[in-house]
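One structure below.
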Amino acid sequence: MDNSAPALQKPQVVQAMFNRIAPTYDLLNDCISFGMHRGWKRRACDALSLKPGSSVLDVCTGTGDLIYPLLERVGASGKVTGLDFSAEMLTVAQKRFAEEPVTLVQGDALALPFADNEFDGAIISFGLRNVSDIPKALSEMVRVVKPGGWVVNLDTNPKPALPGYWLYFSWIMPRIGQFISRDASAYEYLCQSTQQFLTPDELVTRFETLGLKQVSKNAQSLGAVAMQRGQKPFS
Ligand SMILES: C[S@@+](CC[C@H](N)C(=O)[O-])C[C@H]1O[C@@H](n2cnc3c(N)ncnc32)[C@H](O)[C@@H]1O
1309 MDNSAPALQK PQVVQAMFNR IAPTYDLLND CISFGMHRGW KRRACDALSL KPGSSVLDVC
1369 TGTGDLIYPL LERVGASGKV TGLDFSAEML TVAQKRFAEE PVTLVQGDAL ALPFADNEFD
1429 GAIISFGLRN VSDIPKALSE MVRVVKPGGW VVNLDTNPKP ALPGYWLYFS WIMPRIGQFI
1489 SRDASAYEYL CQSTQQFLTP DELVTRFETL GLKQVSKNAQ SLGAVAMQRG QKPFS
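And the structure:
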């Protein structure tokens, strides 16, 4: 275990890091995932089983990469809300969605500023690994979702079946990060935080512990990323 692990989880460190890399975040995502992150995110949005008119929360929305797929699924009568604690990531999102009916909120995933049972679904994509209290973040998502709604997590996987994954993650990716964003450390953090993250099976257990039903998981791109979903019970 890396000795710097507790520091990595400090909210202020994470917040400052995302503020720093916000301008190049989207370009880097396309480069380091070879564009595959778009498909992963679309499939995660499908897992919310949204309908036209649904209202959905994207926790740790960042630059709002899930917003277009979510808008497509809820339609003009639906409502999409994105929450993040990084002002700079939200600034990118605000420019991107200036013409769209989206609500962007600066706030903490560990204390969501929303009422109980407010949304038809809640999703977190590449965010859970970064929060300092994973059970709290998940329980907040469950709290704000209506009975019958789905909670979905998409993130990197510490146990991939992909040959060369760690070489790519620990050596090549920070160099791409350095070249494009002049910030290798943010992409070293991506590798370290993935190594320290919960496995998909452990996340399934967390979902079940929170009382979610029909919990399932699936891996994509040979386990480079993993998704879990669970439904909030009706009673
Ligand atoms: C890797 S980005 C993911 C952005 C987007 N969801 C995506 O899939 O591209 C992680 C985001 O989580 C946000 N974040 C981390 N901890 C947070 C917290 N406690 N509350 C709110 N946002 C947080 C960061 O500011 C950052 O924008």
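The working numbering puts the sequence shown at residues 1309 to 1543.
Think of the CB as a built atom: it goes at the ideal place given N, C-alpha and C, for glycine as much as any other residue.
Asked                                                                                                                   : Found
Beta-carbon gap between residue 1514 and residue 1524 smaller than 8 Å                                                  : no
Residue 1366 versus residue 1493: straight-line alpha-carbon distance, rounded                                          : 26 Å
Residue 1515 CB to nearest heavy atom of ligand 1 below 7 Å                                                             : no
Residue 1309 (DSSP reduced to helix, strand or coil)                                                                    : For residue 1309, the pLDDT reaches just 33, beneath the cut-off of 50, and the residue's location in the model is therefore unreliable, leaving the point undetermined.
Spatial neighbours of residue 1374 in its chain, beta-carbon cut-off 7 Å, leaving aside the 5 residues before and after : 1349, 1353, 1366, 1431, 1433
Exposure of residue 1479, with buried meaning 16 or more beta-carbon neighbours within 10 Å                             : exposed
For residue 1365, the three-state DSSP class (helix, strand or coil)                                                    : strand
Contact test: residue 1370 Cβ vs ligand 1 heavy atom, cutoff 7 Å                                                        : yes
Between the CA atoms of residue 1341 and residue 1444 - distance to the nearest angstrom                                : 29 Å
Check whether residue 1330 and residue 1368 have beta carbons under 8 Å apart                                           : no
Contact belief for residue 1532 with residue 1465 at Cβ below 8 Å, rounded distance in angstroms                        : 7 Å
Distance CB(residue 1449)-CB(residue 1459) smaller than 8 Å                                                             : yes
Cβ-Cβ distance between residue 1390 and residue 1362 below 8 Å                                                          : no
Cα-Cα separation between residue 1507 and residue 1519, rounded to whole angstroms                                      : 19 Å
Option in 1502, 1384, 1370 with minimal Cα separation from residue 1407                                                 : 1384
Where residue 1347 falls: helix, strand or coil (DSSP)                                                                  : helix
Range covered by the alpha helix (DSSP H) that runs through residue 1465                                                : No alpha helix (DSSP H) holds residue 1465; DSSP gives it neither H nor E.
Sequence-distant residues of its chain with Cβ nearer than 7 Å to residue 1311 (five each side left out)                : Reliability of the predicted coordinates at residue 1311 is poor, the pLDDT of 35 falling under 50, and no value is obtained from them.
Proximity test, residue 1439 beta-carbon vs ligand 1 heavy atom, cut-off 7 Å                                            : yes
Continuous alpha helix (DSSP H) stretch holding residue 1414: start and end                                             : Taken as a continuous stretch (DSSP letters only), residue 1414 belongs to no alpha helix (DSSP H), being part of the beta strand (DSSP E) at 1410 to 1414.
Identity of the residues DSSP links to residue 1525 by a beta bridge                                                    : 1536
Same chain, Cβ closer than 7 Å to residue 1335, neighbours up to 5 away in sequence not counted                         : 1488
Span of the beta strand (DSSP E), counted from its first residue to its last, around residue 1427                       : 1427 to 1433
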